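So for the sequence shown, my numbering puts the first residue at 5; every next one is plus one.
Cβ atoms here follow ideal geometry from the backbone N, Cα and C, with glycine treated the same way.
This one's a predicted model, so the numbers in the text were calculated from it and none came from an experiment.
This report refers to the structure that appears directly beneath it.
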Amino acid sequence: MSSKEGHTYDFHIAGLPYKLKTNHDDATVQELVTFINKKMEESLAQTKNGSYQNAAVLAALNIAEELILLKRKAHRELEKVEEKILKLAIDIENSKKV
(Lines of atoms letter the chains of each structure in order from A and count residues from 1; the text may use other names and numbers.)
(Lines give C-alpha, C1' and ligand atoms only; values in the text may rest on other atoms or scores of the structure.)
Protein backbone atom coordinates (compact mmCIF):
# COMPACT_ATOMS: atom_id res chain seq x y z
CA MET A 1 0.00 0.00 0.00
CA SER A 2 1.28 3.44 -0.85
CA SER A 3 1.59 6.04 1.86
CA LYS A 4 0.20 8.67 -0.53
CA GLU A 5 -3.52 9.24 -0.28
CA GLY A 6 -4.16 9.81 -3.94
CA HIS A 7 -6.57 12.17 -5.57
CA THR A 8 -10.00 11.51 -7.05
CA TYR A 9 -10.52 12.79 -10.57
CA ASP A 10 -13.83 13.29 -12.35
CA PHE A 11 -13.70 12.99 -16.13
CA HIS A 12 -15.64 11.83 -19.17
CA ILE A 13 -14.81 9.05 -21.60
CA ALA A 14 -16.93 9.06 -24.76
CA GLY A 15 -19.33 11.40 -23.00
CA LEU A 16 -19.85 9.13 -19.99
CA PRO A 17 -18.80 10.29 -16.50
CA TYR A 18 -16.14 8.41 -14.52
CA LYS A 19 -14.21 8.83 -11.29
CA LEU A 20 -10.66 7.63 -10.73
CA LYS A 21 -8.65 7.63 -7.53
CA THR A 22 -4.94 7.64 -8.28
CA ASN A 23 -1.55 8.87 -7.14
CA HIS A 24 -0.77 10.14 -10.65
CA ASP A 25 -0.41 13.87 -11.18
CA ASP A 26 -2.96 16.00 -13.04
CA ALA A 27 -0.94 16.03 -16.27
CA THR A 28 -0.68 12.23 -16.35
CA VAL A 29 -4.40 11.77 -15.70
CA GLN A 30 -5.24 14.31 -18.40
CA GLU A 31 -2.94 12.52 -20.84
CA LEU A 32 -4.60 9.17 -20.05
CA VAL A 33 -8.11 10.59 -20.46
CA THR A 34 -7.19 12.30 -23.74
CA PHE A 35 -5.58 9.10 -25.05
CA ILE A 36 -8.59 6.93 -24.18
CA ASN A 37 -11.07 9.46 -25.58
CA LYS A 38 -9.10 9.53 -28.86
CA LYS A 39 -9.11 5.73 -29.05
CA MET A 40 -12.84 5.62 -28.29
CA GLU A 41 -13.59 8.23 -30.97
CA GLU A 42 -11.58 6.21 -33.51
CA SER A 43 -13.35 3.00 -32.48
CA LEU A 44 -16.82 4.55 -32.52
CA ALA A 45 -16.15 5.76 -36.07
CA GLN A 46 -15.28 2.19 -37.08
CA THR A 47 -18.27 0.45 -35.46
CA LYS A 48 -21.30 0.17 -37.69
CA ASN A 49 -23.93 0.35 -34.95
CA GLY A 50 -22.22 2.97 -32.78
CA SER A 51 -22.28 0.66 -29.76
CA TYR A 52 -20.14 1.97 -26.89
CA GLN A 53 -19.50 -1.61 -25.78
CA ASN A 54 -18.19 -2.63 -29.21
CA ALA A 55 -16.16 0.57 -29.45
CA ALA A 56 -14.66 -0.05 -25.99
CA VAL A 57 -13.64 -3.59 -26.94
CA LEU A 58 -12.17 -2.37 -30.23
CA ALA A 59 -10.31 0.43 -28.41
CA ALA A 60 -8.98 -2.09 -25.88
CA LEU A 61 -7.78 -4.37 -28.69
CA ASN A 62 -6.07 -1.46 -30.44
CA ILE A 63 -4.39 -0.34 -27.21
CA ALA A 64 -3.32 -3.92 -26.43
CA GLU A 65 -1.86 -4.25 -29.93
CA GLU A 66 0.15 -1.04 -29.48
CA LEU A 67 1.37 -2.19 -26.07
CA ILE A 68 2.43 -5.64 -27.28
CA LEU A 69 4.24 -4.25 -30.32
CA LEU A 70 6.04 -1.66 -28.18
CA LYS A 71 7.04 -4.33 -25.66
CA ARG A 72 8.41 -6.53 -28.45
CA LYS A 73 10.37 -3.62 -29.89
CA ALA A 74 11.74 -2.69 -26.45
CA HIS A 75 12.76 -6.32 -25.88
CA ARG A 76 14.58 -6.45 -29.23
CA GLU A 77 16.36 -3.18 -28.46
CA LEU A 78 17.33 -4.46 -25.01
CA GLU A 79 18.77 -7.62 -26.57
CA LYS A 80 20.84 -5.49 -28.95
CA VAL A 81 22.17 -3.41 -26.05
CA GLU A 82 22.99 -6.54 -24.05
CA GLU A 83 24.88 -7.99 -27.04
CA LYS A 84 26.89 -4.76 -27.39
CA ILE A 85 27.68 -4.73 -23.67
CA LEU A 86 28.84 -8.35 -23.81
CA LYS A 87 31.04 -7.60 -26.83
CA LEU A 88 32.54 -4.57 -25.08
CA ALA A 89 33.19 -6.62 -21.93
CA ILE A 90 34.96 -9.27 -24.02
CA ASP A 91 36.98 -6.58 -25.83
CA ILE A 92 38.00 -5.06 -22.48
CA GLU A 93 39.05 -8.45 -21.11
CA ASN A 94 41.01 -9.21 -24.27
CA SER A 95 42.76 -5.83 -24.14
CA LYS A 96 43.90 -6.54 -20.56
CA LYS A 97 45.65 -9.71 -21.77
CA VAL A 98 47.75 -7.83 -24.31
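Span of the alpha helix (DSSP H) around K91: Boundaries of the alpha helix (DSSP H) around K91: 56-101.
Separation of D29 from L82, as counted between CA atoms: Going from the Cα of L82 to the Cα of D29 covers about 29 Å.
Nearest-angstrom Cβ-Cβ length linking T26 and H11, presumed shorter than 8 Å: Contact between T26 and H11 holds: their C-beta atoms lie close to 7 Å from each other, under 8 Å.
C-alpha distance - N41 paired with S47, whole-angstrom precision: Rounded to whole angstroms, N41 to S47 spans 10 Å at the Cα level.
Where K23 sits in the DSSP three-state scheme: The three-state reading of DSSP puts K23 in strand, counting E and B together.
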